[in-house]
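A.B. asks: Take a look at this one; I'll ask things after.
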Amino acid sequence: MEAFQIELAGDYLVMAAYLAELKSRMLLPRPSDNEEEEDPRAELMRRLQEYQRFKEAASKIDLLPRLNRDFFLAGAKLPEFEAVTPIVDLPMEELSFALAEVMRRVDQSKAHLINFEQLSTRERMTEILERMRNENFIEFSTLFKVKEGRMGVVVTFLAVLELLKDSLIAIVQSEEFGPIHIKGIEEVH
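Okay, here's the thing in structure tokens:
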């Protein structure tokens, strides 16, 4: 604060000295040389015009919205949450091997393929959740209906992934290379 006042006082003294110099030049007789000397008032006018431009710019800037004067930042933090982790850490390779096995079984029974209406992932998710109400564990491979073909396999697999993403089911495996089971998340501890 004191440094600002000293700077302000210094600026005031510089301007006072300049005005005193200007006044003394105006009062003193001019040399009779034919040299045209610049009018000292022109420099003062230039400085005053520059000051006026800065003052106008400052007032325009002052009209702009300013942080903590016109608007404030919210200081709310996001709530912390715990991610639900499955009981057994199942590598994605195991899941992809199980999917490949189901796809192989579908390819073997192509002769018995019956055309059905297009399947919906949402409908299949609902079917899986309905089954989860009646059974504690559902073996992964029993979710797939061979007669639905590749389309049924893909739709069912996508439904399982969606339910897993929404934390409605967990995928568990009791032993390495053992069967994969689906379990309702309410049952997981």
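For reference, each letter of the sequence shown is one residue, going 1 to 189 in our numbering.
Backbone N, C-alpha and C fix where the C-beta goes; we use that ideal spot for every residue, glycine too.
(1) Please classify H189: does DSSP put it in a helix, a strand, or coil?
(2) Is F157 helix, strand or coil by DSSP?
(3) How long is the line joining the alpha carbons of V102 and F144, rounded to whole angstroms?
(4) If S141 and A98 are in contact, beta carbons under 8 angstroms, what's the gap, nearest whole angstrom?
(5) Whole angstroms are fine: how far does the CA of E94 sit from the CA of E162?
(6) Taking the continuous beta strand (DSSP E) assigned at E139, which residues delimit it?
(7) Determine the DSSP secondary structure at E176, reduced to helix, strand or coil.
C.D. replies: The short version:
(1) If you number the sequence shown from 1, residue 189 lands on position 189. Residue confidence for H189 is low, a pLDDT of 43 falling below 50, so the modelled location carries little weight; the figure read from the coordinates is stated next. Reduced to three states, the DSSP call for H189 is coil.
(2) Start at 1 with the first residue of the sequence shown, and residue 157 comes out as number 157. F157 falls in the helix class under three-state DSSP.
(3) Numbered from 1 along the sequence shown, position 102 holds the residue referred to as residue 102. Numbered from 1 along the sequence shown, position 144 holds the residue referred to as residue 144. One C-alpha to the other measures close to 7 angstroms.
(4) By 1-based counting over the sequence shown, the position of residue 141 is 141. By 1-based counting over the sequence shown, the position of residue 98 is 98. S141 to A98, Cβ: 7 angstroms. Contact.
(5) Here residue 162 is taken as the residue at index 162 of the sequence shown, counted from 1. Here residue 94 is taken as the residue at index 94 of the sequence shown, counted from 1. Distance between the alpha carbons of E162 and E94: 18 angstroms.
(6) By one-based count along the sequence shown, residue 139 stands at place 139. Run containing E139: 137 to 139, per the beta strand (DSSP E) assignment.
(7) Translated into the one-based positions of the sequence shown, residue 176 becomes position 176. In this structure, E176 counts as coil in the three-state DSSP scheme.
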